[in-house]
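Here's the structure, in structure tokens; my notes come after.
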Amino acid sequence: MARAQARDTQPTLSLRPTARRWTVYAGWGGLVVVGVALLAYPHMVSRFQVSLATEAIYLAVWALSLHLMLGYLGMLSFGHAAYIGLGAYTVALLLRKTDIPYGVAFLAAPVVSAIGAAVVGALCIRLRHAVYFAMLTLAFAQIIYTVTFQWYSFTGGDNGVVGFGRNIPAALRTNPTNLYYFSLAVGVVCLALIWLIVRSPFGVMLRTIRENPERAEAIGVPVQWVRFLTFVLAGAFAGVAGALLATFQRAVFPDTLHWSRSGEVIIMVLLGGMDHFLGPVVGAVAFLLLNKYSTEFTQYWQLLIGLVLLAIVLVFRGGILGFGEDAWRFMARRLARPVHGQTAPPTEPVATAPAREEPS
Amino acid sequence: MANLISQSLTGLAFGLVLFLVASGLSLIFGVMRIVNFAHGALYMFGAYLTFEVTTRLADTPGKFFLAMLAAPVVVAVLGLLIEMLLLRRIYRRELLDQLLLTFALVFIATDVARMIWGSDFKSVKPPGFVDGSVAVLGRSFPQYYFMVWVIAAAIAVGLWAFLYKTRAGLICRAMVQDRQMTGALGVNTARVYTGMFTLGAWLAGLGGVLVTPIRSISLDLPAESIIQAFIIVVIGGLGSVFGALVGAVLLGQMNAFGILVAPRFAIVFPFILMALVLIVRPFGLFGQREME
Chain A
23 MARAQARDTQ
33 PTLSLRPTAR
43 RWTVYAGWGG
53 LVVVGVALLA
63 YPHMVSRFQV
73 SLATEAIYLA
83 VWALSLHLML
93 GYLGMLSFGH
103 AAYIGLGAYT
113 VALLLRKTDI
123 PYGVAFLAAP
133 VVSAIGAAVV
143 GALCIRLRHA
153 VYFAMLTLAF
163 AQIIYTVTFQ
173 WYSFTGGDNG
183 VVGFGRNIPA
193 ALRTNPTNLY
203 YFSLAVGVVC
213 LALIWLIVRS
223 PFGVMLRTIR
233 ENPERAEAIG
243 VPVQWVRFLT
253 FVLAGAFAGV
263 AGALLATFQR
273 AVFPDTLHWS
283 RSGEVIIMVL
293 LGGMDHFLGP
303 VVGAVAFLLL
313 NKYSTEFTQY
323 WQLLIGLVLL
333 AIVLVFRGGI
343 LGFGEDAWRF
353 MARRLARPVH
363 GQTAPPTEPV
373 ATAPAREEPS
Chain B
1253 MANLISQSLT
1263 GLAFGLVLFL
1273 VASGLSLIFG
1283 VMRIVNFAHG
1293 ALYMFGAYLT
1303 FEVTTRLADT
1313 PGKFFLAMLA
1323 APVVVAVLGL
1333 LIEMLLLRRI
1343 YRRELLDQLL
1353 LTFALVFIAT
1363 DVARMIWGSD
1373 FKSVKPPGFV
1383 DGSVAVLGRS
1393 FPQYYFMVWV
1403 IAAAIAVGLW
1413 AFLYKTRAGL
1423 ICRAMVQDRQ
1433 MTGALGVNTA
1443 RVYTGMFTLG
1453 AWLAGLGGVL
1463 VTPIRSISLD
1473 LPAESIIQAF
1483 IIVVIGGLGS
1493 VFGALVGAVL
1503 LGQMNAFGIL
1513 VAPRFAIVFP
1523 FILMALVLIV
1533 RPFGLFGQRE
1543 ME
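Those protein sequence lines, which keep their order, are chains A and B. Heads up: take any position in the first sequence, counting from 1, add 22, and you land on the numbering used here. Heads up: take any position in the second sequence, counting from 1, add 1252, and you land on the numbering used here.
Structure, rendered in structure tokens:
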């Protein structure tokens, strides 16, 4: 009996079969606590912190969209600023130049971003080599940046698009708490959708391609099609982030599309931890805090994030969550094992299996 | 017609400066299989150092040539340090890490330059004896451009001689073909990496020196030049110096004529050229097929 159980639990690396009942309860409990905290948050903090959290939400959606491509598919795009920018400009220009209702403009953002991503993706996906892919995505992002910057009559050039705030519903415009709840709702929907994508058979294909593209091809995964679709999906979610950004700032400038922004979103994903689903969320929050509070001691922001990126690449490969996980495992091994040999962390089934066999 | 020729000659001068940057990028890639995002930053340092030297030695004759001797050497030392202290740690890692590491260096370099030289645009005058213009087909044409052509041609010949007439060059070409095999034949590949990265940095630094009289120096140089250099290298084929030369000349012409056709969107034309090359011949005009 115990042996069969051990055999069942051994080969899989997924947490689900080995998770004890209390882990499941703890998981749901944690989710409820986090949910309540997120809902109560605006009533406990200052106005500034509410808008900071609103900013964190659209950054998190943006980082999640890149993570879909970078973390799950293993494709590094150096031009992901283009799609948040397309989304933001779509909302800004539609509200500025037409009388389209806000909701329609908001929904148009992911559509336009997805179309942009489809055009760029169709050309870039052909290049299997990561270097070509990275450079070509950067190049297309620079084209979009330059066109936006130079096309004064349409995009306003470096004056940006302003004065569309009047077409944003008053409830979102005047009350930061409402805007926070709205952003949170959109953010949670995006998070849930990305979770479903990652957990679906399509998500398994992503990881298969990341681990071994040739083999994926050989077992019948439509590699190029999956890559293309992921690129478009990532663009669409970045477009949602752009719509939130435009609503939050009530002004959009070409800076949003600058190449350094594409670098920043990569840093968010890596900072949080690329091996975890929630890594980008943690990374976006940490990044934003670093951004807001570093101005107190340095004006050299790029130097700071350059050093952060360097440290991640050279030392902290797993980012914040990876580091936390390592620390947790280390502590668990140190503390738990000598006393309760049988309850060693389920992440090491090989070590626990013999201990389970003996009592039977 | 005269207008077109003059425009074409201007484009050639700028293209040849970019050839220096792109050839280093291409060689580093060919030998080490690393795309050095920080290459544009090295180029920027070459430009700022020229500004520094020519400002400090404002009254010294031949200050531009002193800068031309000193700045690329300083940049080469910088490259040497980057290779020995940072890149060396990640050769065995995934490509992603190498891209990210050199990308981090761009961020750092930009702010270090901002710290030292501020964010204002800087400019440098060409050396005295070419600081004027001559009439070419009835149009005035900066004399300095001739100097750029001569130096770029000398470097191109020098690189060719190095690659095809010396033992070190032979080893480099062997490394481009097959790194493992070259290592197996007893070549100290680590030393070739260091040497090649230093040489590439020196070339980028020299490009930075030569570009200063043509355009103003700013913190935008790293991003702008790495993209242009990469376009050149993609068109020519990664790892091929001759390809870089052809790509650079093509890109210079694209820039020059793009400005005539659509001044504001001139920057888009090189990208279109690159996209076309990638679609038709993904490994570049003179590249190896394996890089597809």
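In this text, a Cβ means the ideal position worked out from N, Cα and C, and glycines have one as well.
Residue i by DSSP, collapsed to three states: which one?
{"i": "Ala-1518 (chain B)", "result": "coil"}
{"i": "Ala-1280 (chain B)", "result": "In the sequence as presented, Ala is not what sits at residue 1280 (chain B); that position holds Ile. Ile-1280 (chain B) falls in the helix class under three-state DSSP."}
{"i": "Val-1376 (chain B)", "result": "coil"}
{"i": "Ala-273 (chain A)", "result": "strand"}
{"i": "Val-243 (chain A)", "result": "coil"}
{"i": "Arg-43 (chain A)", "result": "helix"}
{"i": "Ile-1423 (chain B)", "result": "helix"}
{"i": "Arg-1533 (chain B)", "result": "coil"}
{"i": "Ser-222 (chain A)", "result": "coil"}
{"i": "Ile-1469 (chain B)", "result": "strand"}
{"i": "Trp-1454 (chain B)", "result": "helix"}
{"i": "Gln-71 (chain A)", "result": "helix"}
{"i": "Val-1439 (chain B)", "result": "coil"}
{"i": "Ser-99 (chain A)", "result": "coil"}
{"i": "Asp-348 (chain A)", "result": "helix"}
{"i": "Ala-1481 (chain B)", "result": "helix"}
{"i": "Trp-173 (chain A)", "result": "coil"}
{"i": "Tyr-124 (chain A)", "result": "helix"}
{"i": "Asp-1363 (chain B)", "result": "helix"}
{"i": "Tyr-1300 (chain B)", "result": "helix"}
{"i": "Ala-24 (chain A)", "result": "In this prediction, Ala-24 (chain A) scores a pLDDT of 40, lower than 50, which makes its location untrustworthy; the coordinate-derived value is nonetheless stated afterwards. The answer is helix: DSSP assigns Ala-24 (chain A) an H, G or I state."}
{"i": "Asn-234 (chain A)", "result": "coil"}
{"i": "Tyr-94 (chain A)", "result": "coil"}
{"i": "Gln-321 (chain A)", "result": "coil"}
{"i": "Val-1325 (chain B)", "result": "helix"}
{"i": "Tyr-167 (chain A)", "result": "helix"}
{"i": "Ser-1371 (chain B)", "result": "coil"}
{"i": "Pro-198 (chain A)", "result": "helix"}
Can you name the residues of chain B whose CB is closer than 8 Å to the CB of residue i?
{"i": "Thr-168 (chain A)", "result": "Phe-1517, Ile-1519, Val-1520"}
{"i": "Trp-350 (chain A)", "result": "What Trp-350 (chain A) touches in chain B: nothing, since even the nearest Cβ is about 24 Å away."}
{"i": "Gln-172 (chain A)", "result": "Arg-1516, Phe-1517"}
{"i": "Val-335 (chain A)", "result": "Ile-1342, Asp-1349, Leu-1352, Leu-1353, Ala-1356"}
{"i": "Met-157 (chain A)", "result": "Val-1287, Ile-1479, Phe-1482, Val-1486"}
{"i": "Ala-152 (chain A)", "result": "Leu-1347, Leu-1348, Leu-1351"}
{"i": "Trp-281 (chain A)", "result": "Ala-1475"}
Which one or two residues does DSSP pair with residue i in a beta bridge?
{"i": "Val-183 (chain A)", "result": "A:Val-274"}
{"i": "Arg-1391 (chain B)", "result": "B:Val-1388"}
Can you check which of these residues, the options, is closest to residue i by C-alpha distance?
{"i": "Tyr-80 (chain A)", "options": "A:Val-169, A:Gly-344, A:Gln-271", "result": "A:Gln-271"}
{"i": "His-89 (chain A)", "options": "A:Tyr-63, A:Phe-253, A:Thr-170", "result": "A:Phe-253"}
{"i": "Tyr-1445 (chain B)", "options": "B:Ile-1342, B:Leu-1270, B:Pro-1324, B:Gly-1298", "result": "B:Ile-1342"}
{"i": "Trp-6 (chain A)", "options": "A:Leu-53, A:Arg-118, A:Ile-106, A:Ala-140", "result": "For residue 6 (chain A) there is no data in the structure shown, the boundaries of chain A being 23 and 382."}
{"i": "Gly-1390 (chain B)", "options": "B:Gly-1539, B:Ser-1258, B:Gly-1267, B:Phe-1281", "result": "B:Ser-1258"}
{"i": "Val-142 (chain A)", "options": "A:Gly-96, A:Leu-108, A:Gln-324, A:Ala-130", "result": "A:Leu-108"}
{"i": "Leu-1537 (chain B)", "options": "B:Arg-1344, B:Leu-1437, B:Ser-1492", "result": "B:Ser-1492"}
{"i": "Asn-234 (chain A)", "options": "A:Val-287, A:Thr-199, A:Ser-284, A:Tyr-94", "result": "A:Tyr-94"}
{"i": "Ile-1478 (chain B)", "options": "B:Gly-1292, B:Leu-1279, B:Leu-1528", "result": "B:Gly-1292"}
{"i": "Phe-1281 (chain B)", "options": "B:Ala-1527, B:Ala-1475, B:Gln-1505, B:Gly-1452", "result": "B:Gly-1452"}
{"i": "Phe-186 (chain A)", "options": "A:Ala-265, A:Gly-285, A:Ala-78, A:His-280", "result": "A:Ala-265"}
{"i": "Met-1526 (chain B)", "options": "B:Leu-1503, B:Ala-1426, B:Ala-1518", "result": "B:Leu-1503"}
Just to make sure I have the definition right: I need the residues of chain A whose C-beta is within less than 9 Å of the C-beta of residue i. Which are they?
{"i": "Leu-1270 (chain B)", "result": "Under the 9 Å cutoff, chain A gives no residues; its nearest Cβ is about 15 Å from Leu-1270 (chain B)."}
Residue i touches chain A at which residues, Cβ-Cβ below 8 Å?
{"i": "Ile-1360 (chain B)", "result": "Gln-324, Leu-325, Gly-328, Leu-329, Leu-332"}
Would you mind telling me which residues of chain B sit closer than 7 Å to residue i, beta carbon to beta carbon, in chain order?
{"i": "Gly-285 (chain A)", "result": "Phe-1355, Phe-1359"}
{"i": "Trp-247 (chain A)", "result": "Per Cβ cutoff of 7 Å: no residues; Trp-247 (chain A) is ~18 Å from chain B at best."}
Can you pull the chain A residues whose beta carbon is under 7 Å from the beta carbon of residue i, in chain order?
{"i": "Ile-1479 (chain B)", "result": "Leu-160, Ala-161, Gln-164"}
{"i": "Val-1364 (chain B)", "result": "Leu-325"}
{"i": "Leu-1458 (chain B)", "result": "By Cβ distance, chain A contributes nothing, its closest Cβ being about 23 Å from Leu-1458 (chain B), past 7 Å."}
{"i": "Ala-1527 (chain B)", "result": "Leu-145"}
{"i": "Met-1367 (chain B)", "result": "Tyr-322"}
With hydrogens ignored, establish whether the beta-carbon of residue i is closer than 7 Å to any heavy atom of the ligand ZN.
{"i": "Val-184 (chain A)", "result": "The ligand content of the structure shown is nil, which means the ligand ZN is not present either."}
Count the C-beta pairs between the stretch 1392–1405 of chain B and the stretch 1370–1382 of chain B that are closer than 8 Å, then say yes if the count reaches three, no if not. yes
Counting Cβ pairs, one atom from each stretch, are 3 or more of them under 8 Å apart for the stretch 290–304 of chain A and the stretch 102–119 of chain A? no
Do the stretch 1307–1314 of chain B and the stretch 175–190 of chain A make contact, defined as three or more Cβ pairs closer than 8 Å? no
Counting pairs of beta carbons, one from the stretch 309–329 of chain A and one from the stretch 342–355 of chain A, are three or more of them closer than 8 Å? no
The stretch 1296–1309 of chain B touching the stretch 1463–1481 of chain B, judged by at least three CB pairs closer than 8 Å: yes
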